[in-house]
Amino acid sequence: MKLSFQAEGSTGSRRLDVEFSSLIVAGWAGRDRHAIEHHIEELFAIGVPRPSSVPLYYRVAENQLTQASHIQVVGDQSSGEVETFVFQAGGELYVSLASDHTDRKLETHSVALSKQVCAKPVAKGAWRYADVAEYWDELVIRSFIQEGEERVLYQEGTLASLRPPLDLIAGFTGGAAMLPEGIGMICGTVGAKGGIRPAPSFAMELFDPRRGRTLSHDYTIEVLPEIS
Numbered sequence: 003m004k005l006s007f008q009a010e011g012s013t014g015s016r017r018l019d020v021e022f023s024s025l026i027v028a029g030w031a032g033r034d035r036h037a038i039e040h041h042i043e044e045l046f047a048i049g050v051p052r053p054s055s056v057p058l059y060y061r062v063a064e065n066q067l068t069q070a071s072h073i074q075v076v077g078d079q080s081s082g083e084v085e086t087f088v089f090q091a092g093g094e095l096y097v098s099l100a101s102d103h104t105d106r107k108l109e110t111h112s113v114a115l116s117k118q119v120c121a122k123p124v125a126k127g128a129w130r131y132a133d134v135a136e137y138w139d140e141l142v143i144r145s146f147i148q149e150g151e152e153r154v155l156y157q158e159g160t161l162a163s164l165r166p167p168l169d170l171i172a173g174f175t176g177g178a179a180m181l182p183e184g185i186g187m188i189c190g191t192v193g194a195k196g197g198i199r200p201a202p203s204f205a206m207e208l209f210d211p212r213r214g215r216t217l218s219h220d221y222t223i224e225v226l227p228e229i230s
């Protein structure tokens, strides 16, 4: 799957056309192990299986990546999750933004399948990781959903609560700090305010407080009938 990014960095702006052959979703990517265990127990109580390891690297088909502003899902029990998205291009690591849109009904049967069945919207902008690495923990991810006529803040938090991308990459590669070209990695999220719930639209941002800049993307969700 080929995606195009407008990459902004200290060396200027340029277009990146990246061919992805693999997509990795890093689950259970928080830094606080006690908080992760508590969340695992909460989900287990409602039928979501425990992860086999923490963090856990889910494989998702690369053709689920999309930069479209509209996706289709089967059934009305899916929702988005704002996450950073990292990839290697031309020997350089870049960060963008993605939504790990997930089928919550299927999640109680299989987390891996619940992620696989939904498209993963990705922003069209990217930053050089080297430009933000020094203050990575200060970056803020947030998302908004539509509820009735209101645009509601759904998620918000700094990246300090999540494992740094180089740690996640090393965990996936077995120790190497460089993500192989062609692999995109979605790097974890923060909790939903008011609980996880579906919505007809999802907007997401990655905010850089030092440079006063934002990566953003939004999309609408069309629900297809669940026919048995």
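Residue numbers for the sequence shown follow this note's numbering, so the first one is 3 and each next one is one higher. Using N, Cα and C, we set each Cβ at its ideal position, and we do this for glycine too. All values derive from a computational prediction rather than experimental measurement.
Can you give me the start and stop residues for the alpha helix (DSSP H) that residue i sits inside?
i	result
residue 175	167-175
residue 134	131-134
Within a Cβ cutoff of 8 Å, which residues of the same chain sit near residue i, ignoring the five residues on either side of it in sequence?
i	result
residue 96	7, 9, 18, 88, 89, 90, 128, 129, 130, 131
residue 180	90, 95, 171
residue 99	84, 85, 86, 87, 124, 125, 127, 143, 206, 207, 208, 217, 218, 219
What is the DSSP secondary structure of residue i, counted as helix, strand or coil?
i	result
residue 185	strand
residue 52	coil
residue 113	helix
residue 194	strand
residue 229	coil
residue 201	coil
residue 122	strand
residue 61	strand
residue 164	strand
residue 28	strand
residue 139	helix
residue 128	strand
Which same chain residues end up closer than 7 Å to residue i when comparing Cβ atoms and leaving out the 5 residues on each side of it in sequence?
i	result
residue 138	161, 166
residue 173	57
residue 114	60
Which one of the options has the shortest CA to CA distance from residue i?
i	options	result
residue 31	22, 42, 24	42
residue 203	126, 37, 103	103
residue 190	57, 178, 201	57
residue 185	4, 15, 3, 23	23
residue 13	172, 143, 133, 225	133
residue 84	125, 152, 70	125
residue 21	5, 54, 179, 112	5
residue 153	59, 222, 52	222
residue 25	62, 55, 111, 229	62
residue 195	114, 135, 156, 39	156
residue 79	220, 215, 200, 71	200
residue 111	48, 71, 136, 151	48
residue 230	136, 34, 93, 76	76
Starting from residue i, trace the beta strand (DSSP E) in both directions and tell me its first and last residue.
i	result
residue 21	14-21
residue 74	72-76
residue 219	215-226
residue 153	152-160
residue 4	4-11
residue 96	94-101
residue 91	84-91
residue 149	142-149
Output needed for residue i: all residues of its chain with C-beta closer than 6 Å, excluding positions within five of it in sequence on either side, in chain order.
i	result
residue 218	207
residue 116	104, 105, 108, 109
residue 158	144
residue 52	42, 46
residue 74	224, 226
Do the stretch 111-123 and the stretch 51-70 touch if we need at least three Cβ pairs shorter than 8 Å?
yes
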